[in-house]
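**Q**
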Amino acid sequence: MSTFRFVRGSVSPTDHLGSLRDQACGGYVSFEGWVRNHNDGHQVQRLEYEAYENLGVKEGERIIDEALERFQIEHAVCVHALGDLALGDMAVWVGVSSHHRDAAFGACRYIIDEVKHRVPIWKKEHYTDGDSGWVNCEACASAATRSPPASVSGG
Amino acid sequence: MSTFRFVRGSVSPTDHLGSLRDQACGGYVSFEGWVRNHNDGHQVQRLEYEAYENLGVKEGERIIDEALERFQIEHAVCVHALGDLALGDMAVWVGVSSHHRDAAFGACRYIIDEVKHRVPIWKKEHYTDGDSGWVNCEACASAATRSPPASVSGG
Amino acid sequence: MKTIRIEYFAALREHTGLSSEEIATDAQTVDQLYAELDGRHEFPALGQLKVAVNDEFGDWQSGLADGDLVVFIPPVAGG
Amino acid sequence: MKTIRIEYFAALREHTGLSSEEIATDAQTVDQLYAELDGRHEFPALGQLKVAVNDEFGDWQSGLADGDLVVFIPPVAGG
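Each protein sequence line maps, in turn, to chains A, B, C and D.
Sequential numbering of the first sequence, starting at 7, is according to the working numbering.
Sequential numbering of the second sequence, starting at 7, is according to the working numbering.
Sequential numbering of the third sequence, starting at 341, is according to the working numbering.
Sequential numbering of the fourth sequence, starting at 341, is according to the working numbering.
1. So, does the segment 106-113 of chain A touch the segment 127-136 of chain A, judging by three or more C-beta pairs under 8 Å?
2. If we count the other Cβ atoms within 10 Å of its Cβ and call it buried at 16 or more, is residue 65(B) buried or exposed?
3. From the DSSP output, in three-state form, read off residue 361(C) for me.
4. For chain D, is any of its Cβ atoms less than 9 Å away from the one on residue 31(B)?
5. Assign residue 14(A) to buried or exposed, taking buried as 16 or more other Cβ atoms, counted over all protein chains shown, within 10 Å of its Cβ.
6. From residue 351(D) to residue 368(D), what does the alpha carbon distance come to, in whole angstroms?
7. Determine the DSSP secondary structure at residue 90(A), reduced to helix, strand or coil.
8. On the DSSP bridge assignment, give the partners of residue 45(B) in chain order.
9. Taking residue 347(D) as the reference, which of 410(D), 416(D), 415(D) has the closest Cα?
10. I'd like to know whether the C-beta of residue 56(A) is nearer than 9 Å to at least one C-beta of chain C.
11. What residue from 109(A), 22(A), 29(A) has the CA that sits closest to residue 74(A)'s CA?
12. Nearest by alpha-carbon distance to residue 6(A): which of 12(A), 43(A), 104(A) is it?
13. Count the other CB atoms, across all protein chains shown, that sit within 10 Å of the CB of residue 9(B); report buried if there are 16 or more and exposed otherwise.
14. When burial is assigned at 16 or more other CB atoms within 10 Å of the CB, is residue 373(D) buried or exposed?
15. Roughly how many angstroms separate the alpha carbons of residue 25(A) and residue 122(B), rounded to a whole number?
16. Given residue 171(A), which residues of its chain have a CB within under 6 Å of its CB, disregarding the five upstream and five downstream residues?
17. Measure the alpha-carbon distance for residue 381(C) versus residue 55(A) and round it to whole angstroms.
18. List the endpoints of the continuous alpha helix (DSSP H) containing residue 373(D).
19. Straight-line CA distance for residue 129(B) to residue 52(B)?
20. Cβ of residue 66(A) versus every heavy atom of the ligand NAP: is any distance shorter than 8 Å?
21. Relative to the C-alpha of residue 103(B), which candidate in 32(A), 28(A), 39(A), 81(A) has its C-alpha closest?
22. Note down, in chain order, each residue of its chain lying with its Cβ closer than 6 Å to the Cβ of residue 364(C), except the 5 sequence neighbours on either side.
23. Just checking: is the beta-carbon of residue 342(D) within a distance shorter than 9 Å of some beta-carbon in chain B?
24. Going by DSSP, what residue range makes up the alpha helix (DSSP H) through residue 132(B)?
25. Where does residue 151(A) sit, in a helix, a strand or coil, going by DSSP?
26. Does residue 22(B) have its Cβ less than 9 Å from a Cβ in chain D?
27. Using a cut-off of 9 Å between C-beta atoms, extract the partners of residue 91(B) located in chain A.
28. Considering only residues of the same chain and omitting the five flanking positions on each side of residue 414(C), which have a CB-CB separation below 8 Å?
29. Taking the DSSP output, what are the residues bridged to residue 104(B)?
30. Interface residues of chain A around residue 4(B) at Cβ under 9 Å?
31. What does DSSP give as the partner residue(s) for residue 40(B) in the beta ladder?
32. Could you give the residue range of the beta strand (DSSP E) that holds residue 423(C)?
33. Check whether the Cβ of residue 103(A) lies closer than 9 Å to any Cβ atom in chain B.
34. Among the candidates 92(A), 83(A), 107(A), whose CA atom is the shortest distance from the CA of residue 23(A)?
35. Determine whether the Cβ of residue 132(A) lies closer than 9 Å to any Cβ atom of chain B.
36. Check the Cβ of residue 111(B) against every Cβ in chain A and list those closer than 8 Å, keeping chain order.
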């Protein structure tokens, strides 16, 4: 089973703990990302996640492999939600087990940081005022511009 | 309800999540200590935990209060098992929720480190070879010495 | 002429109204393909786009072959 | 003479065979109390002991009052 998985709707870590349980391991660290009711001063009502799944799973597995190589851990798994999520739902979960806790803390932190930066997942926030928007999308509202993105004009 | 609790037997985090759930929080970090099958070259079969509970709960709550003060977190709870535990059982659990994940990672790490050093809990390991011993107990087998501990003779 | 398949996600999917399309093009590189598509769709400014070719990250100078799958990747926001 | 209650945990409980005991003593400090009990129980060497008086950490020079509860705390091993 892949070490990085997408699921529809809120993540249930218990569905994925099997690959982490190990009687040689004394420490387990997890991170859960919950849908919160505010972001950047906006009141959030619900979220939508969309991913480029084929590349996302590959990149997610690469991140897990890097963590296994850099830290003295035994097992690591990351699961990310897709589709509609309500407040309090679990958008992402990272679980790491190891012999000692140092390594588990370091690896868990590494994985969530890298996943947030590298895996092609997009989040659309729906606000209580009826507005909505893709996070990190600089000018989605004003779609009329013809100027290409910086990386394109530069390349 | 206290932010530091003892329970008999393996910890079940789901019994204690109530005080951490918060729709203002986007990040949750947890640590679980599992009973592992080896320690210091010995094959462990099972464990026993014993605590000085009155002082333990006070010291545990002080640690949680310190974490709430030092880190930008919203909620934190720690639960420690007492009595007989089998391999794979959960000996201790720390859960922290916060607006941002930085603070949750820092606080979770702080709490488990301090709990292990400061809360009066003792662990007796039972080994597969039939031997057993209190961890950190330097000379429990040779109980005949009359010399007082260093801290006493020094004091 | 080669046939290139493009998949759109998130803001680009909503802007174009397309999950994917196939076009016949003379574009030699990803960069040229983007310019051609931008002329047709007038893509919004989304910050630093990345690009993937055949489900692996590529660069804007990557050459294109008949049957390639290309995805333009806006800044991500997982977790 | 005052009456002091002592509780024992872990290795000290097993060594003394007692969960607690009450003694009448002239000991003025925790340190003196420990020496008196050590004479009776021949405590094992357990490394740096700490001490608690009435469910709070104390020090070895703490004075004792009638009815105090004293606990000697071997090195801990939680988690």
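Beta carbons: idealized from backbone N, C-alpha and C, even for Gly.
This one's a predicted model, so the numbers in the text were calculated from it and none came from an experiment.
**A** On the basis of the coordinates in this document:
1. Touching, no.
2. As a first step, residue 65(B) is located in the second sequence; it is residue number 59 there, counting from the start. Buried, since its Cβ has 16 or more Cβ neighbours within 10 Å.
3. In the third sequence, residue 361(C) corresponds to position 21, counting from 1. Residue state, collapsed to three classes: strand.
4. Along the second sequence, read from residue 1 onward, the residue named residue 31(B) stands at position 25. No, no contact with chain D.
5. Your numbering for residue 14(A) matches position 8 in the first sequence. The residue in question, residue 14(A), is exposed, as its Cβ has fewer than 16 Cβ neighbours within 10 Å.
6. For the purposes of this step, residue 351(D) is taken as the residue at position 11 of the fourth sequence. For the purposes of this step, residue 368(D) is taken as the residue at position 28 of the fourth sequence. Approximately 26 Å between the Cα atoms of the pair.
7. As a first step, residue 90(A) is located in the first sequence; it is residue number 84 there, counting from the start. DSSP places residue 90(A) in strand when its eight states are reduced to three.
8. Numbered from its first residue, the second sequence carries residue 45(B) at position 39. Beta-bridge partners assigned by DSSP to residue 45(B): 48(B).
9. Working through the fourth sequence from its first residue, we reach residue 347(D) at position 7. Just measuring C-alpha positions, the residue of 410(D), 416(D), 415(D) sitting nearest residue 347(D) is 410(D).
10. Walking along the first sequence from the start, residue 56(A) turns up at place 50. Judged by the 9 Å Cβ criterion, residue 56(A) is in contact with chain C.
11. Taking the first residue of the first sequence as position 1, residue 74(A) is located at position 68. Per the Cα distances, 109(A).
12. Not covered by the structure: residue 6(A). The range shown for chain A is 7 to 161.
13. The residue you call residue 9(B) lines up with position 3 of the second sequence. So residue 9(B) ends up on the buried side.
14. Locating residue 373(D) in the fourth sequence gives position 33, where the first residue counts as 1. Buried, by the Cβ-count rule.
15. Taking the first sequence and counting its residues from 1, one reaches residue 25(A) at position 19. Taking the second sequence and counting its residues from 1, one reaches residue 122(B) at position 116. Roughly 27 Å separates the two Cα atoms.
16. Coverage of chain A is limited to positions 7 through 161, which leaves residue 171(A) absent and any answer about it impossible.
17. On the third sequence, position 41 is the one that residue 381(C) refers to. On the first sequence, position 49 is the one that residue 55(A) refers to. Rounded to the nearest angstrom, the two C-alpha atoms are 24 Å apart.
18. To locate residue 373(D), count along the fourth sequence from 1; it is residue 33. Where residue 373(D) is concerned, the enclosing alpha helix (DSSP H) stretches over 370-381.
19. For this step, residue 129(B) is matched to residue 123 along the second sequence. For this step, residue 52(B) is matched to residue 46 along the second sequence. Going from the Cα of residue 129(B) to the Cα of residue 52(B) covers about 10 Å.
20. Questions concerning the ligand NAP fall outside what the structure shown contains, since it holds no ligand whatsoever.
21. Looking up residue 103(B) in the second sequence gives position 97. Checked all of 32(A), 28(A), 39(A), 81(A); the closest Cα to residue 103(B) is 39(A).
22. Here residue 364(C) refers to the residue found at position 24 of the third sequence. Once the five neighbours on either side are set aside, the close Cβ partners of residue 364(C) are 341, 343.
23. The residue labelled residue 342(D) in the question sits at position 2 within the fourth sequence. Not closer than 9 Å to any Cβ of chain B, the Cβ of residue 342(D) fails to qualify, so no.
24. For the purposes of this step, residue 132(B) is taken as residue 126 along the second sequence, with counting starting at 1. Unbroken run through residue 132(B) is the beta strand (DSSP E), 127-133; no alpha helix (DSSP H).
25. Position 145 of the first sequence holds residue 151(A). Any reading at residue 151(A) needs caution, since the residue's pLDDT is 37, under 50, leaving its predicted position unreliable; the model's value is listed next. Note: residue 151(A) maps to coil in three-state DSSP.
26. If you number the second sequence from 1, residue 22(B) lands on position 16. With 9 Å as the cut-off, residue 22(B) does not count as an interface residue toward chain D.
27. For this step, residue 91(B) is matched to residue 85 along the second sequence. Result: empty, since nearest Cβ-Cβ is about 12 Å, beyond 9 Å.
28. By 1-based counting over the third sequence, the position of residue 414(C) is 74. 349, 350, 351, 352, 386, 387, 389, listed in sequence order.
29. On the second sequence, position 98 is the one that residue 104(B) refers to. Paired residues: 33(B).
30. An answer regarding residue 4(B) cannot be provided, because it is not within the stretch 7 to 161 covered by chain B.
31. Stepping through the second sequence from its first residue, residue 40(B) is reached at position 34. Under the DSSP definition of a beta bridge, residue 40(B) partners with 96(B).
32. The displayed coordinates of chain C run from 341 to 419. Any statement about residue 423(C) would go beyond what the structure contains.
33. For the purposes of this step, residue 103(A) is taken as the residue at position 97 of the first sequence. In terms of beta-carbon proximity, residue 103(A) lines the interface with chain B, with at least one pair separated by less than 9 Å.
34. Start at 1 with the first residue of the first sequence, and residue 23(A) comes out as number 17. Taking only the C-alpha atoms, the option nearest residue 23(A) is 83(A).
35. Indexing the first sequence from 1 puts residue 132(A) at position 126. Taking Cβ atoms only, chain B never reaches closer than 9 Å to residue 132(A), which makes this a no.
36. Walking along the second sequence from the start, residue 111(B) turns up at place 105. Chain A residues near residue 111(B): 37, 111, 114, 115.
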